[in-house]
Each structure stands twice: as C-alpha cells, then as structure tokens.
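Colleague:
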Amino acid sequence: MFDIQAIRADFPILNEKVNGKPLVYFDNAATSQKPQVVIDAISNYYSTINANIHRGVHTLSQLATDAYEVSRHTIQKHINAAHAHEVLFTSGTTHGINLVASGFTQFLKPGNAVMVSAMEHHSNIVPWQMLCERTGADLQVIPMDENGELILPAFDSLLAEGRTKIVAVNHISNSLGTMNPVKYIIDKAHAAGAAVLIDGAQAAPHLTIDVQALDADFYAFSGHKACGPTGTGVLYGKEAWLEKLPPYQGGGEMIKEVSFEKTTYAGLPHKFEAGTPHIEGGIVLGTAIDYLNGIGMDKIAVYEHQLLVYGTQKLSEIEGIQFVGTAKEKASVISFNLQGIHPYDIGAIVDKMGIAVRTGHHCTQPVMQHFNIPGTVRASFAFYNTTEEIDALVAAVKKAQMMLG
Ligand code: C6P
184 MFDIQAIRAD FPILNEKVNG KPLVYFDNAA TSQKPQVVID AISNYYSTIN ANIHRGVHTL
244 SQLATDAYEV SRHTIQKHIN AAHAHEVLFT SGTTHGINLV ASGFTQFLKP GNAVMVSAME
304 HHSNIVPWQM LCERTGADLQ VIPMDENGEL ILPAFDSLLA EGRTKIVAVN HISNSLGTMN
364 PVKYIIDKAH AAGAAVLIDG AQAAPHLTID VQALDADFYA FSGHKACGPT GTGVLYGKEA
424 WLEKLPPYQG GGEMIKEVSF EKTTYAGLPH KFEAGTPHIE GGIVLGTAID YLNGIGMDKI
484 AVYEHQLLVY GTQKLSEIEG IQFVGTAKEK ASVISFNLQG IHPYDIGAIV DKMGIAVRTG
544 HHCTQPVMQH FNIPGTVRAS FAFYNTTEEI DALVAAVKKA QMMLG
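In terms of this note's numbering, the sequence shown has 185 at position 2, counting the first letter as 1, and numbering is strictly consecutive.
(1) So does Arg255 have its beta carbon nearer than 7 Å to some heavy atom of the ligand C6P?
(2) Span of the beta strand (DSSP E) holding Val297?
(3) Can at least three beta-carbon pairs, one atom from the stretch 302-312 and one from the stretch 406-421, be found at a separation below 8 Å?
(4) Can you tell me the Cα-Cα spacing of Cys315 and Pro293, whole angstroms?
(5) Roughly how many whole angstroms lie between the Cα atoms of Lys366 and Gln505?
(6) Which whole-angstrom value is the C-beta distance of Ala265 and Gln395, which I expect to be below 8 Å?
(7) Looking at the unbroken alpha helix (DSSP H) that takes in Lys427, where does it start and where does it end?
(8) What separation, rounded to the nearest whole angstrom, lies between the Cα atoms of Ala449 and Glu436?
(9) What is the DSSP secondary structure of Arg596, reduced to helix, strand or coil?
(10) I'd like to check one pair, Ala351 with Val299: are the Cβ atoms closer than 8 Å?
(11) Do you know offhand how far Gln526's Cα is from Thr542's?
(12) Please return the same chain residues whose Cβ sits closer than 7 Å to the Cβ of Tyr486, not counting the five positions on each side in sequence.
(13) Would you check whether the ligand C6P has a heavy atom nearer than 7 Å to the C-beta of Asp382?
(14) I need the straight-line Cα distance from Tyr228 to Glu252, nearest angstrom please.
(15) Over the uninterrupted beta strand (DSSP E) stretch that includes Arg561, give me the two end residues.
(16) Measuring CA to CA, which of Leu390, Pro205, Phe519 and Lys535 is closest to Ala562?
(17) Beta carbon of Gln548: closer than 7 Å to some heavy atom of the ligand C6P?
(18) According to the neighbour-count rule (16 or more other Cβ atoms, all chains shown, within 10 Å of its Cβ), is Asn353 buried or exposed?
(19) CA-CA distance, Gly588 and Ile524?
(20) Residues in its own chain within less than 8 Å of Val221 by CB, not counting five upstream and five downstream?
(21) Could you name each continuous alpha helix (DSSP H) segment of 4 residues or more that falls completely within the stretch 191-267, going from the start of the chain to the end?
(22) What did DSSP end up calling Asn353 once you bin it into helix, strand or coil?
(23) Does the beta carbon of Gly464 fall short of 7 Å from some heavy atom of the ligand C6P?
(24) From Ala386, Glu329 and Lys371, pick the residue whose C-alpha is nearest to that of Asn357; which is it?
(25) Three-state secondary structure (DSSP) at Phe290?
(26) Nearer than 7 Å: is that true of the beta carbon of Thr277 relative to any heavy atom of the ligand C6P?
(27) Could you name the residues that DSSP lists as bridge partners for Lys366?
(28) Between which two residues does the beta strand (DSSP E) harbouring Asn520 extend?
(29) Applying the criterion that 16 or more other CB atoms from any shown protein chain within 10 Å of the CB defines a buried residue, is Arg255 buried or exposed?
(30) Look at the alpha carbon of Thr276 and the alpha carbon of Ile355, and state the distance between them as a whole number of angstroms.
(31) Quick one: residues in its chain with C-beta nearer than 6 Å to the C-beta of Ala267, no 5 flanking neighbours on either side, listed in chain order?
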C-alpha cells in the first residue's frame with residue numbers, strides 16, 4: 184500500500200515553511216528532496232568510515248571501498264545491468280554523456296552522423312555538437328510535432344541514410360514530460376548499425392529501468408534527481424562498448440602501470456574513474472536507491488501518474504492556460520503558460536505562496552524555439568507530492584493571473 188503520509192514524514196524539508204507558507208515543492212525535475220535515511224547516511228559515512236577507497240590497506244579504507252562497491256552492485260541490480268563493472272559512477276547525467284561523446288571521437292569521420300532529438304536537454308546536445316566539430320560528422324535531429332511527440336517516420340528516414348553512428352535521446356523530456364518510445368528507437372538504431380545512448384535523467388527517478396530489456400548501449404542518469412546526494416550520477420555502458428572506449432580522464436586509480444614511456448589502463452570500471460571520486464555520494468546513492476525500492480518503483484510510477492492526471496485536469500480549469508507538451512505518454516511534468524503573462528512572473532508570485540516551480544527554458548532552448556515561446560512554468564511532481572498541494576498550486580496560479588492579468 185502507498186502510504187503518502189508515512190512517505191512525507193521521511194522528508195524533513197517538507198515540514199519547512201517558505202515565505203511563511205508550508206513548502207510545496209514542485210521542482211523535482213531539477214532535483215529531488217532527500218529522505219532522512221539519505222541525510223543520515225551522509226553523516227554516518229563521515230562519522231564512521233570516511234577514508235579514501237581502492238588504495239588503503241587500513242581498515243577504514245577497506246570499509247569505505249566495500250561500501251562503495253556494494254552501492255555499485257545495488258545500482259547494477261536496480262537497472263538490471265549484466266555486470267557491476269558496467270556501472271560507472273559519475274557526477275551526473277551531464278558527465279556521463281560527455282564521457283561517451285568524448286570517447287566516440289575515434290569512431291567518427293567526416294560524413295558520419297550523430298543523431299539527437301528536437302526535445303533534448305542542452306546536456307544531450309552540446310557534447311554531441313562538440314564531437315561533430317572535432318570529427319567533421321553531422322548532427323541529425325529527430326523532429327517533433329505540436330504535442331511534443333517525436334515524429335518516428337522522420338527518425339526512420341534519417342537512419343536510412345546509413346550514416347548515423349550513435350543516437351542520443353532522452354527517455355523522458357524534462358520540459359515537456361514526453362515519454363519517448365526508446366525501445367523502438369534502440370531496436371531501429373541497432374538494425375541500422377548505430378549505437379544508442381539514453382539520457383535517463385528524468386526517467387530513472389520515476390520508472391523501473393531495465394537496461395538489458397531496453398538493450399541500451401549507454402544509459403545515463405543523475406543521482407540527485409533520485410533522492411541521492413548532489414554531484415552523483417551513473418553511466419551504464421555495455422561491457423563491449425566500455426572496453427572499446429578510451430579513458431575519459433587520466434590520473435590515479437585508472438591505471439594498471441605508469442612509466443614515462445607508456446601507461447596501461449586499469450580494467451572496468453576503474454578505467455573511467457580517475458582520481459578520488461565522490462565517495463560518500465556514491466555510497467549514499469545506494470542508500471537512496473534502496474529507499475526507492477523500499478517503496479517500489481512500480482507504485483511510484485502509478486501514484487505519480489495519478490498526480491499528473493489530477494494536475495492536468497485541475498490546471499486546465501484555469502482560463503487561458505496553454506499546456507506545452509501534450510503527448511499521449513507523459514511523466515509527471517506539466518509545463519504551461521498563461522496568455523499574456525511571462526512565466527517568470529507567475530513563478531515569482533507563486534513562490535511568495537511557498538510554491539516552488541521552475542520557470543524559463545529548462546535548458547531546452549530548441550524546445551522553446553519550436554513552440555515559439557520564451558519559456559514555461561513547469562510543475563514537476565514526485566511521489567511525496569499530494570493532490571492538496573496541486574490544489575494549492577492551482578489557487579496560487581489563479582491569484583497570480585488576477586494580479587498580473
Ligand atoms: N535537468 C531540470 O530542471 P545534471 O545536471 O547532469 O544532473 O542533469 C542534466 C540533465 C540531462 N538531461 C535531462 C533530460 C535533464 O532533465 C537534466 C537536468 C534539470 O530540468 C536541470 S537543468
């Protein structure tokens with residue numbers, strides 16, 4: 184059973200007041216709040232086992248190393264990776280995508296292509312543009328329609344050109360909420376000989392992810408959006424791909440042997456984890472994932488879908504509201520505008536009522552260009568939000584409309 188009051192009690196910040204009003208946190212797509220077990224695990228790490236990992240013979244170092252590697256196994260199980268060494272700790276989705284884009288330099292030549300979609304976050308556009316600049320490859324863009332759904336026949340035709348070496352698309356759009364048909368995209372891309380990276384930043388906190396069932400070559404996500412600490416993330420890569428890719432950074436921990444003549448690299452996953460990592464973050468990301476699994480990803484998905492349906496229905500009662508992103512398959516993200524009012528002004532007024540929403544382009548400027556708008560107001564829900572909080576948002580937006588209209 185999904186006990187929302189018990190879940191809310193796990194998150195101390197939800198008792199905070201903001202501007203004298205109870206906090207309503209609807210900026211979950213930017214970062215999630217943290218349950219007490221995660222907050223405690225951070226303190227516990229520094230109070231009991233803090234040490235550097237993979238290098239010390241002493242007990243603390245071994246305890247920290249063990250905890251770090253246990254977390255890697257937790258994540259492996261969580262996303263159903265075939266091997267723990269296919270799970271790389273990163274600082275977030277951005278880091279993971281840059282690692283792959285950098286590694287692909289050696290696989291591309293002029294005339295080849297990299298494909299992204301029209302609804303990518305800048306993190307899944309710019310690293311590929313930089314790759315294209317380095318290699319002379321072209322950037323192909325899967326277009327989307329007015330609902331914010333990818334136009335799949337156009338994707339098929341771009342692939343048919345036979346030039347695409349890698350396709351990088353998000354599982355869920357952060358500004359539109361669209362859930363993309365990533366299994367279809369992966370299967371088609373593979374049939375055309377292209378690798379696929381899925382940007383799972385907005386999916387991993389909300390859905391059960393099975394990288395083997397998807398057959399994704401790479402799957403990147405951020406820990407801080409999934410109840411874990413800031414500065415944490417995961418890049419899953421198929422063993423065969425990770426073996427082929429060169430190291431992203433050089434330094435300690437990623438080597439087998441170093442001499443001035445030649446350096447040989449460590450095996451997976453260490454080849455990609457140069458330097459002292461975010462040890463506490465990696466360990467506590469495992470705690471966060473255990474917490475999510477304690478509730479159940481399937482239950483989280485069902486409950487958040489109810490919030491999406493309720494929120495869409497309630498907000499649609501506001502006169503002149505324009506939803507941006509009306510795909511059939513959506514996650515719990517609602518982007519909207521009110522006629523004649525700048526999204527920033529709505530965000531600022533509802534903030535005075537304790538309600539946190541994000542306004543602006545959400546690091547997806549091409550999406551805003553597509554809809555010819557400066558930005559949106561975005562309410563993104565998590566499993567600890569409630570329908571009462573949605574009612575508070577609707578009332579606050581109506582008030583803002585009255586004040587600004
Ligand atoms: N989107 C949002 O408010 P990092 O910053 O590396 O943890 O995640 C980057 C990123 C990549 N892809 C998608 C689909 C994302 O949504 C994000 C982060 C936040 O929508 C901050 S801009």
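Glycine residues also receive a C-beta, built at the ideal position from the N, C-alpha and C atoms.
None of the values given here were measured: they were computed from a predicted structure.
Modeller: Short version:
(1) On the sequence shown, position 72 is the one that residue 255 refers to. It does not: the Cβ of Arg255 is nowhere closer than 7 Å to a heavy atom of the ligand C6P.
(2) On the sequence shown, residue 297 is found 114 positions in, with the first residue counted as 1. Its beta strand (DSSP E) spans residues Ala296 to Ser300.
(3) no
(4) Stepping through the sequence shown from its first residue, residue 315 is reached at position 132. Stepping through the sequence shown from its first residue, residue 293 is reached at position 110. Distance between the alpha carbons of Cys315 and Pro293 is about 9 Å.
(5) The residue given as residue 366 occupies position 183 in the sequence shown. The residue given as residue 505 occupies position 322 in the sequence shown. Cα-Cα distance, rounded: 30 Å.
(6) For the purposes of this step, residue 265 is taken as residue 82 along the sequence shown, with counting starting at 1. For the purposes of this step, residue 395 is taken as residue 212 along the sequence shown, with counting starting at 1. With a Cβ gap of about 6 Å, Ala265 and Gln395 count as contacting.
(7) As a working mapping, residue 427 is identified with position 244 in the sequence shown. Here the alpha helix (DSSP H) through Lys427 covers Glu422 to Lys427.
(8) The sequence position of residue 449 within the sequence shown is 266, counting from 1. The sequence position of residue 436 within the sequence shown is 253, counting from 1. Each residue's alpha carbon lies about 8 Å from the other.
(9) Outside the displayed range of the chain (184 to 588) lies residue 596, so it cannot be described from this structure.
(10) As a first step, residue 299 must be located in the sequence shown, where it is residue number 116. As a first step, residue 351 must be located in the sequence shown, where it is residue number 168. The answer is yes: Cβ separation under 8 Å.
(11) In the sequence shown, the residue the question calls residue 526 occupies position 343. In the sequence shown, the residue the question calls residue 542 occupies position 359. The sequence shown places Pro at residue 526, rather than the Gln named in the question. About 6 Å.
(12) What you label residue 486 is simply residue 303 of the sequence shown in a count that begins at 1. The residues are Phe185 and Phe566.
(13) What you label residue 382 is simply residue 199 of the sequence shown in a count that begins at 1. Result yes, Cβ under 7 Å from the ligand C6P.
(14) Within the sequence shown, the letter at position 45 stands for residue 228. Within the sequence shown, the letter at position 69 stands for residue 252. Taking the straight line joining both Cα atoms gives about 14 Å.
(15) To locate residue 561, count along the sequence shown from 1; it is residue 378. That run of the beta strand (DSSP E) goes Thr559 to Ser563.
(16) In the sequence shown, counting from the first residue as 1, residue 562 sits at position 379. When only C-alpha atoms are compared, the closest one is Phe519.
(17) Here residue 548 refers to the residue found at position 365 of the sequence shown. Answer for Gln548: no, Cβ out of range of the ligand C6P.
(18) Numbered from 1 along the sequence shown, position 170 holds the residue referred to as residue 353. With 16 or more Cβ atoms within 10 Å of its Cβ, Asn353 is classed as buried.
(19) Working through the sequence shown from its first residue, we reach residue 588 at position 405. Working through the sequence shown from its first residue, we reach residue 524 at position 341. Spanning the two alpha carbons is a distance of roughly 7 Å.
(20) Here residue 221 is taken as the residue at index 38 of the sequence shown, counted from 1. The answer, listed in chain order, is Cys410, Gly411, Pro412, Val467, Thr470, Ala471 and Tyr474.
(21) At a cut-off of 4 residues, the continuous stretches assigned as alpha helix (DSSP H) that sit fully inside the stretch 191-267 are 219-231 and 242-262.
(22) Start at 1 with the first residue of the sequence shown, and residue 353 comes out as number 170. The answer is strand: DSSP assigns Asn353 an E or B state.
(23) The residue given as residue 464 occupies position 281 in the sequence shown. No; taking the cut-off as 7 Å, the Cβ of Gly464 has no heavy atom of the ligand C6P nearer than that.
(24) Residue mapping note: residue 357 aligns to position 174 of the sequence shown, counting from 1. Closest by alpha carbon: Ala386.
(25) Stepping through the sequence shown from its first residue, residue 290 is reached at position 107. Phe290 sits in a helix when the DSSP states are folded into three classes.
(26) Working through the sequence shown from its first residue, we reach residue 277 at position 94. Yes - the ligand C6P has a heavy atom lying nearer than 7 Å to the Cβ of Thr277.
(27) One-based indexing of the sequence shown puts residue 366 at position 183. Lys366 pairs with nothing; no bridge assigned.
(28) Stepping through the sequence shown from its first residue, residue 520 is reached at position 337. Here the beta strand (DSSP E) through Asn520 covers Val516 to Leu521.
(29) As a first step, residue 255 must be located in the sequence shown, where it is residue number 72. Classification for Arg255: buried.
(30) Counting from one through the sequence shown, the residue named residue 276 turns up at place 93. Counting from one through the sequence shown, the residue named residue 355 turns up at place 172. Using only the alpha carbons, I get a separation of about 13 Å.
(31) Counted from its first residue, the sequence shown places residue 267 at position 84. Within the same chain, Ala267 has close Cβ partners Arg255, His256 and Gln259.
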